[in-house]
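Participant: One structure, as structure tokens, below. Some questions next.
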Amino acid sequence: MVIVTPTGGLFEPWKAWSTAPLAPQDSANTGFIFFTSDRAFPSEAGICNNCEDIYVMAPDGTYRARLTHGGGLRDDTAAYNSSAADWSHSKKLVAFQTNRIDRVPQIFLMNVDGSDPRLLISIQGGASFPSFSQSGNDLCFHGQTTPRDIYTVDVHGTAVTNLTSPGQVPGEPGANGDNIRCDWSPKGDVLAFTSSRDGNQEIYVINADGTGLRRLTAAAGNDANPAFSPKGDLIAFESNRDGTPEIYVMKADGSAQERLTDFSAEPTPSNVNVTKPTWSPLGDRLAFHRRIGVQDKRGHLEVYTINADGTNASQITFTASPGFSGFPSWAKWSAR
Numbered sequence: 294m295v296i297v298t299p300t301g302g303l304f305e306p307w308k309a310w311s312t313a314p315l316a317p318q319d320s321a322n323t324g325f326i327f328f329t330s331d332r333a334f335p336s337e338a339g340i341c342n343n344c345e346d347i348y349v350m351a352p353d354g355t356y357r358a359r360l361t362h363g364g365g366l367r368d369d370t371a372a373y374n375s376s377a378a379d380w381s382h383s384k385k386l387v388a389f390q391t392n393r394i395d396r397v398p399q400i401f402l403m404n405v406d407g408s409d410p411r412l413l414i415s416i417q418g419g420a421s422f423p424s425f426s427q428s429g430n431d432l433c434f435h436g437q438t439t440p441r442d443i444y445t446v447d448v449h450g451t452a453v454t455n456l457t458s459p460g461q462v463p464g465e466p467g468a469n470g471d472n473i474r475c476d477w478s479p480k481g482d483v484l485a486f487t488s489s490r491d492g493n494q495e496i497y498v499i500n501a502d503g504t505g506l507r508r509l510t511a512a513a514g515n516d517a518n519p520a521f522s523p524k525g526d527l528i529a530f531e532s533n534r535d536g537t538p539e540i541y542v543m544k545a546d547g548s549a550q551e552r553l554t555d556f557s558a559e560p561t562p563s564n565v566n567v568t569k570p571t572w573s574p575l576g577d578r579l580a581f582h583r584r585i586g587v588q589d590k591r592g593h594l595e596v597y598t599i600n601a602d603g604t605n606a607s608q609i610t611f612t613a614s615p616g617f618s619g620f621p622s623w624a625k626w627s628a629r
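Be aware that the sequence shown starts at 294, since it is given in our numbering, and climbs by one per residue.
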């Protein structure tokens with residue numbers, strides 16, 4: 294894949310990820326952002342199970358490249374979704390979910406240029422939102438059979454383990470509430486995830502061997518979608534504890550919970566959403582998606598970035614409605 298840059302030059306995204314001097318940015322450590330979009334085949338319904346693809350861009354929103362090409366029009370029976378990309382800096386692989394087989398989402402791997410997509414794991418009911426371990430040898434994901442569970446699997450697709458309902462056969466309904474959206478600590482020993490086991494959604498952590506379950510949040514409302522910082526000392530997450538969803542951050546032990554974003558002065562679409570935080574490789578910024586639009590009308594998702602101290606929130610995708618761009622994942626890559 295080769296794309297033309299705004300200045301007329303050629304840019305090959307996968308080479309920039311693996312070779313620092315080719316990166317079109319101030320520092321190779323700023324990485325690249327994967328995101329999901331239906332911009333090629335937007336749906337008026339706002340929901341489409343066969344029009345989403347995975348894209349990649351520089352942190353300022355430039356140098357966008359499309360990595361998957363399964364999306365199509367709603368009545369295209371051969372089209373399918375690809376979404377929720379996560380990159381292994383050590384294995385140079387991208388994990389993602391796609392419903393290209395029987396319209397059931399499962400976890401696939403592909404090369405960083407989008408080539409050679411192959412099935413990693415398939416479980417009854419489906420599998421979603423993979424997250425690589427720091428070593429790249431393992432991934433976590435959640436099943437789609439409700440109540441859902443968090444699983445781990447190695448990069449070869451073997452050693453599947455149910456962390457949140459031990460002993461349950463993969464794909465069976467969970468026994469401990471609904472457990473979703475895992476994120477693997479860069480230290481490799483702990484996973485954070487969202488669970489409704491105690492009523493509403495809260496953030497929990499669990500050791501990679503399934504021991505040591507701990508609840509980190511207990512505020513009113515829902516807390517969801519945790520993301521570890523590159524050093525593993527902080528966790529960003531979504532919370533609606535103050536009325537509408539915003540991005541928050543806390544220490545990895547659950548202390549010092551602080552609100553980062555404040556869109557209370559902006560129009561609030563009927564399907565308001567501010568979520569899916571993801572850290573830059575340096576830990577100095579975050580990306581997330583936010584639903585924008587007219588007050589009390591259905592909006593659409595766009596990707597934003599913000600400094601880790603809550604300053605300088607900036608929209609970096611501009612997708613013609615009714616299309617969307619969301620579910621960002623900042624590639625945890627560095628020149629090392």
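No residue lacks a Cβ here, since even glycine has one placed at the ideal position from N, Cα and C.
These numbers were taken from a predicted model, which means no experiment stands behind them.
1) Any idea what DSSP makes of T323, helix, strand or coil?
2) Residues in its own chain within less than 6 Å of G536 by CB, not counting five upstream and five downstream?
3) With 16 as the cutoff for other CB atoms within 10 Å, does L386 come out buried or exposed?
4) Output the boundary residues of the beta strand (DSSP E) element that contains R357.
5) In this structure, what does DSSP give as the bridge partners for F521?
6) Kindly list the residues whose CB is nearer than 7 Å to the CB of R584, restricted to its own chain and excluding five residues on each side of it in sequence; keep chain order.
7) If we count the other Cβ atoms within 10 Å of its Cβ and call it buried at 16 or more, is D319 buried or exposed?
8) Where do the N-terminal and C-terminal ends of the beta strand (DSSP E) with I609 fall, by residue?
9) Leaving out the 5 sequence neighbours to the left and right, which residues in its chain are closer than 6 Å to G603 when beta-carbon positions are compared?
10) With a Cβ-Cβ cutoff of 8 Å, do A266 and E495 count as a contact?
11) By the 10 Å Cβ neighbour count, where 16 or more other Cβ atoms means buried, how is Q588 classified, buried or exposed?
12) Going by C-alpha to C-alpha distance, which of R411, S415, A377 sits closest to Q399?
13) Inspect the beta-carbon positions of G616 and S330 and report whether they are closer than 8 Å.
14) Closest by CA to D369, which one among S383, N343, I347?
15) Would you give the residue range spanned by the beta strand (DSSP E) that F425 belongs to?
16) Excluding the 5 residues preceding and the 5 following C475 in the sequence, name in chain order all residues of the same chain whose CB lies nearer than 6 Å to its CB.
17) Taking D349 as the reference, give the member of P335, G365, A378 with the closest Cα.
18) Exposed or buried, which one is S548 when buried takes at least 16 other CB atoms within 10 Å?
19) For a minimum of 3 consecutive residues, which ranges assigned as the beta strand (DSSP E) are wholly contained in the segment 365-448?
20) Output the boundary residues of the beta strand (DSSP E) element that contains T568.
21) Straight-line CA distance for Q390 to S421?
22) What separation, rounded to the nearest whole angstrom, lies between the Cα atoms of T504 and Q461?
23) Measure the alpha-carbon distance for S532 versus E465 and round it to whole angstroms.
24) Between the beta-carbon of S458 and the beta-carbon of N469, is there less than 8 Å?
25) Comparing C-alpha positions only, which one of G576, D395, S381, N430 sits nearest to A371?
26) Which one or two residues does DSSP pair with K234 in a beta bridge?
27) Using the three-state DSSP reduction, which class does A601 fall into: helix, strand or coil?
Facilitator: Here's the rundown:
1) Translated into the one-based positions of the sequence shown, residue 323 becomes position 30. The three-state reading of DSSP puts T323 in helix, counting H, G and I together.
2) Residue mapping note: residue 536 aligns to position 243 of the sequence shown, counting from 1. Hits under 6 Å: none found.
3) Your numbering for residue 386 matches position 93 in the sequence shown. It counts as buried.
4) For the purposes of this step, residue 357 is identified with residue 64 of the sequence shown, where counting begins at 1. First-last for R357: undefined, no H or E at that position.
5) For the purposes of this step, residue 521 is taken as residue 228 along the sequence shown, with counting starting at 1. F521 is bridged by DSSP to I528.
6) Working through the sequence shown from its first residue, we reach residue 584 at position 291. So the qualifying residues of the chain are P562, N564, V565, N566, G592, H593, L594.
7) For the purposes of this step, residue 319 is identified with residue 26 of the sequence shown, where counting begins at 1. Because D319 carries a pLDDT of 42, less than 50, the predicted location of this residue cannot be relied on, and no value is offered for it.
8) Mapped onto the sequence shown, residue 609 falls at position 316. Premise fails: I609 is in no beta strand (DSSP E) and is neither H nor E.
9) Taking the sequence shown and counting its residues from 1, the one referred to as residue 603 is at position 310. Only L553 meet the Cβ criterion.
10) In the structure as shown, the chain starts at 294 and stops at 629, and residue 266 therefore has no counterpart that could be examined.
11) For the purposes of this step, residue 588 is taken as the residue at position 295 of the sequence shown. The residue is exposed, with fewer than 16 neighbouring Cβ atoms inside 10 Å.
12) Here the question's residue 399 lines up with position 106 in the sequence shown. The candidate whose alpha carbon is nearest that of Q399 is S415.
13) The residue given as residue 616 occupies position 323 in the sequence shown. The residue given as residue 330 occupies position 37 in the sequence shown. Yes. Within cutoff.
14) As a working mapping, residue 369 is identified with position 76 in the sequence shown. Proximity to D369 across S383, N343, I347 peaks at N343, based on C-alpha coordinates.
15) Sequence index remark: in the sequence shown, residue 425 carries index 132 (1-based). Residues 420-425.
16) Locating residue 475 in the sequence shown gives position 182, where the first residue counts as 1. Its chain contains S424, C433, I443, L484, F486 as the residues whose beta carbon lies nearer than 6 Å to that of C475, once the 5 sequence neighbours on both sides are disregarded; these appear in chain order.
17) Looking up residue 349 in the sequence shown gives position 56. Reading off the sequence shown, one finds Val at residue 349, where the question assumed Asp. Closest in C-alpha terms to V349, from the list P335, G365, A378, comes A378.
18) As a working mapping, residue 548 is identified with position 255 in the sequence shown. Label assigned to S548: exposed.
19) If we require 3 residues or more, the beta strand (DSSP E) runs fully inside the segment 365-448 come out as 375-381, 386-391, 399-404, 411-414, 420-425, 431-436, 443-447.
20) Locating residue 568 in the sequence shown gives position 275, counting from the first residue. Residues 567-572.
21) On the sequence shown, residue 390 is found 97 positions in, with the first residue counted as 1. On the sequence shown, residue 421 is found 128 positions in, with the first residue counted as 1. Those two C-alpha atoms are separated by around 6 Å.
22) Taking the first residue of the sequence shown as position 1, residue 504 is located at position 211. Taking the first residue of the sequence shown as position 1, residue 461 is located at position 168. Taking the straight line joining both Cα atoms gives about 16 Å.
23) Numbered from 1 along the sequence shown, position 239 holds the residue referred to as residue 532. Numbered from 1 along the sequence shown, position 172 holds the residue referred to as residue 465. Using only the alpha carbons, I get a separation of about 29 Å.
24) Walking along the sequence shown from the start, residue 458 turns up at place 165. Walking along the sequence shown from the start, residue 469 turns up at place 176. Less than 8 Å divides the Cβ of S458 from the Cβ of N469.
25) Here residue 371 refers to the residue found at position 78 of the sequence shown. Selected option, being the one with the closest Cα: D395.
26) This structure gives no information on residue 234, because the portion of the chain shown stretches from 294 to 629.
27) Taking the sequence shown and counting its residues from 1, one reaches residue 601 at position 308. Coil at A601, not helix or strand.
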